[in-house]
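J.: Quick note on numbering: my numbering labels position 144 of the sequence shown as 640, and the sequence is numbered without any gaps.
Have a look at this one before I ask anything.
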Amino acid sequence: MATPLYTPPPHEGELYCDSLWFGADLVTLRDGQYNIIEDGAIAVKDGNILWLGPRAQCPDFSSAKRTDFGGGIVTPGLIDCHTHLVFGGDRSAEFEQRLNGVSYAEIAAQGGGILSTVNATRNATQQQLFDQAQARLHTLLAEGVTCIEIKSGYGLSQESELKMLRVIRELGATQQVDVLATCLAAHAVPPEFKGNADDYVTMICDTLLPQVASEGLADAVDAFCEHLAFSPQQVERVFNKAKELNLPVKLHAEQLSSLHGSTLAARHHALSADHLEFATESDVQAMAESGTVAVLLPGAFYLLRETQVPPVELFRRYGVPMALASDANPGTSPALSLRLMLNMACTLFRMTPEEALAGITCHGAKALGLQDSHGTLEVEKVADFVHWPVKRPAELVYWLGGQLPCTVVYRGEIRL
Ligand code: DI6
Ligand code: FE
């Protein structure tokens, strides 16, 4: 075991922090707005933010490891609050089919789509799934992600869903990033239950979810509410079970049609409802009343060549926080860049750069129930932040593709 380094106690009246970071503008994203502190400083202690403010007002901290960024901006660590990063195989052949005119629904009806990834995932070992997901995760981390949610949902059997969730937990235990696991067993009806979705839902509720909860393998429960997946009634059974097991819920809702899944999600105080292209004013109102976050996923919108844009103006009017995520998955959003999602959200959904950035920080945290500890630069929150050598935050949204070099600080330490 490593011997802890001796830290001299501070002199009387002196303040002590582990590290002090300065020389950049702090884009705090407090309250979901830029809220910039020009020429700021951040003091970190025990992995949390102890103090932040204008450098000129910084108390005289002793024993600090000092880092001068020498310009640029600092944002909170980026949060990708909706991904399906663990899966076997890929679906580039299907991508090509779709470009030749076959629709997503047709491919799903032929047993392709999600089910082809289910086969590949079932046939992969836990180690193979881990290795493939780790490579994809590293791509996201390189551009500043410090917290990510990953869903199961390509196993669709007791054994394979547990295998996926264990891979997600293993990623969290081995990588320098916060990983939240969501059980999405109700993603598609597996071949064994074809034509019998109700019985599959019974299996999820009676067998799978109790085991997932008893092993602590999930932080939330999700479902896909859609004609080609599960009805609101079936989703409700899953939500009731999740509640019994003390697991928060979220929902894929209103992606391809309007079933008012988002209203159902709001009624169950869901953390978030996700996709929402077809959400109506009454859905938005219900979400506003329950504090449910709208997670918008421009990657899937883009890849499916959707034309129905999520009701951004209604979310604004009713004060529903909008989060953004990659939805990284092999079928509808093979996206490994949150910054690209920022750009797409602005160009395709007409969000502002400020809203987009809040979507992958402040509101992304809320979509995961982490708003008290993550998502903004504020005292007592985790010291996860990213330094970018740019002049203004809009630049993170503006560049299309390529890489912006950045320095990622995770729990107060530079992540290599
Ligand atoms: N909506 C999506 O866009 C993904 N899942 C979902 O519920 C698609 C997943 C896939 O096609 O593999
Ligand atoms: Fe998804």
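Even glycine gets a Cβ: it sits at the ideal position worked out from N, Cα and C.
Could you tell me whether the Cβ atoms of V570 and V893 are closer together than 8 Å?
T.: For the purposes of this step, residue 570 is taken as residue 74 along the sequence shown, with counting starting at 1. For the purposes of this step, residue 893 is taken as residue 397 along the sequence shown, with counting starting at 1. For V570 and V893, no; Cβs fall outside 8 Å.
J.: Assign P728 to one of three DSSP states: helix, strand, or coil.
T.: As a position in the sequence shown, residue 728 is number 232, starting the count at 1. Looking at P728 - three-state DSSP - the assignment turns out to be helix.
J.: Taking Cβ positions, are A629 and L667 nearer each other than 8 Å?
T.: On the sequence shown, position 133 is the one that residue 629 refers to. On the sequence shown, position 171 is the one that residue 667 refers to. Contact flag set, yes.
J.: With hydrogens ignored, establish whether the beta-carbon of D535 is closer than 7 Å to any heavy atom of ligand 2.
T.: Position 39 of the sequence shown, counted from the first residue, corresponds to residue 535. It does not: the Cβ of D535 is nowhere closer than 7 Å to a heavy atom of ligand 2.
J.: Could you tell me which residues DSSP pairs with E711 in its beta bridges?
T.: Your numbering for residue 711 matches position 215 in the sequence shown. Looking at the DSSP assignment, E711 forms no beta bridge with any residue, so it has no partner.
J.: Where does V675 sit, in a helix, a strand or coil, going by DSSP?
T.: Within the sequence shown, the letter at position 179 stands for residue 675. Of the three classes helix, strand and coil, the one that applies to V675 here is strand, per DSSP.
J.: Taking only heavy atoms of ligand 2 into account, decide whether any of them is closer than 7 Å to the Cβ of D576.
T.: Walking along the sequence shown from the start, residue 576 turns up at place 80. False, no ligand heavy atom lies under 7 Å from that Cβ.
J.: Could you check if Q672 is buried or exposed, using at least 16 other CB atoms within 10 Å of its CB as the buried criterion?
T.: Within the sequence shown, residue 672 is the residue found at index 176, counting from 1. Result: exposed.
J.: What is the DSSP secondary structure of D514, reduced to helix, strand or coil?
T.: Position 18 of the sequence shown holds residue 514. Correct three-state label for D514: coil.
J.: Taking all protein chains shown into account, do 16 or more other C-beta atoms lie within 10 angstroms of the C-beta of H723, making it buried, or fewer, making it exposed?
T.: For the purposes of this step, residue 723 is taken as residue 227 along the sequence shown, with counting starting at 1. With fewer than 16 other Cβ atoms within 10 Å, it is exposed.
J.: Taking C-alpha atoms, which residue in A762, R812, E850 and L792 lies nearest to A824?
T.: Position 328 of the sequence shown, counting from 1, holds the residue named residue 824. If we check each option's Cα against that of A824, L792 comes out closest.
J.: Could you give the C-beta distance for K746 and D702, rounded to a whole number, given that I count them as a contact under 8 Å?
T.: Here residue 746 corresponds to residue number 250 of the sequence shown, with the count starting at 1. Here residue 702 corresponds to residue number 206 of the sequence shown, with the count starting at 1. Wrong, their Cβ atoms sit about 22 Å apart, outside the cutoff.
J.: For the beta strand (DSSP E) containing L574, list its first residue and its last residue.
T.: Locating residue 574 in the sequence shown gives position 78, where the first residue counts as 1. L574 -> beta strand (DSSP E) spans L574 to D576.
J.: Taking the alpha carbon of G597 as the point to measure from, which residue in L799, G787 and G897 has its own alpha carbon closest?
T.: For the purposes of this step, residue 597 is identified with residue 101 of the sequence shown, where counting begins at 1. Ranking L799, G787 and G897 by Cα distance to G597 puts L799 first.
J.: With distances taken from CA atoms, which of T621, E534, G787 and L820 is nearest R763?
T.: For the purposes of this step, residue 763 is taken as the residue at position 267 of the sequence shown. For R763, the nearest C-alpha among the options comes from G787.
J.: Identify, in the order they occur along the chain, each residue of the same chain with its Cβ nearer than 6 Å to the Cβ of E534, setting aside the five sequence neighbours on each side.
T.: On the sequence shown, residue 534 is found 38 positions in, with the first residue counted as 1. Excluding positions up to five away in sequence, the list reads D521.
J.: Is it the case that the Cβ atoms of D576 and L636 are separated by a distance below 8 Å?
T.: Your numbering for residue 576 matches position 80 in the sequence shown. Your numbering for residue 636 matches position 140 in the sequence shown. Going by C-beta atoms, D576 is nearer than 8 Å to L636.
J.: Taking C-alpha atoms, which residue in V697, K737 and L704 lies nearest to A725?
T.: Indexing the sequence shown from 1 puts residue 725 at position 229. The shortest C-alpha separation from A725 is found at V697.
J.: Closer than 8 Å is the cut-off here; do at least three beta carbon pairs connect the segment 868-886 with the segment 820-840?
T.: Contact between the segment 868-886 and the segment 820-840 is absent, because fewer than three Cβ pairs lie under 8 Å.
J.: Can you list, in chain order, the stretches of the alpha helix (DSSP H) that have 4 or more residues and sit fully within the segment 811-851?
T.: Whole alpha helix (DSSP H) segments, 4+ residues: 834-845.
J.: Given a threshold of 16 other Cβ atoms within 10 Å of its Cβ, counted over all protein chains shown, does T803 qualify as buried or as exposed?
T.: Against the sequence shown, residue 803 aligns to sequence position 307. It counts as exposed.
J.: For K659, does the count of other Cβ atoms within 10 angstroms reach 16, so buried, or fall short, so exposed?
T.: The residue you call residue 659 lines up with position 163 of the sequence shown. Classification for K659: buried.
J.: So who's on the other strand from V523, going by DSSP bridges?
T.: Sequence index remark: in the sequence shown, residue 523 carries index 27 (1-based). Answer is I532, bridged to V523.
J.: Helix, strand or coil for K690, going by three-state DSSP, please let me know.
T.: Numbered from its first residue, the sequence shown carries residue 690 at position 194. Three-state result, K690: coil.
J.: Tell me S758's beta-bridge partners as DSSP assigns them.
T.: Indexing the sequence shown from 1 puts residue 758 at position 262. S758 pairs with nothing; no bridge assigned.
J.: Measuring straight from C-alpha to C-alpha, what distance separates A782 and S758?
T.: As a position in the sequence shown, residue 782 is number 286, starting the count at 1. As a position in the sequence shown, residue 758 is number 262, starting the count at 1. Computed Cα separation, rounded: 8 Å.
J.: If we count the other Cβ atoms within 10 Å of its Cβ and call it buried at 16 or more, is H870 buried or exposed?
T.: By 1-based counting over the sequence shown, the position of residue 870 is 374. By the 10 Å Cβ count, H870 comes out buried.
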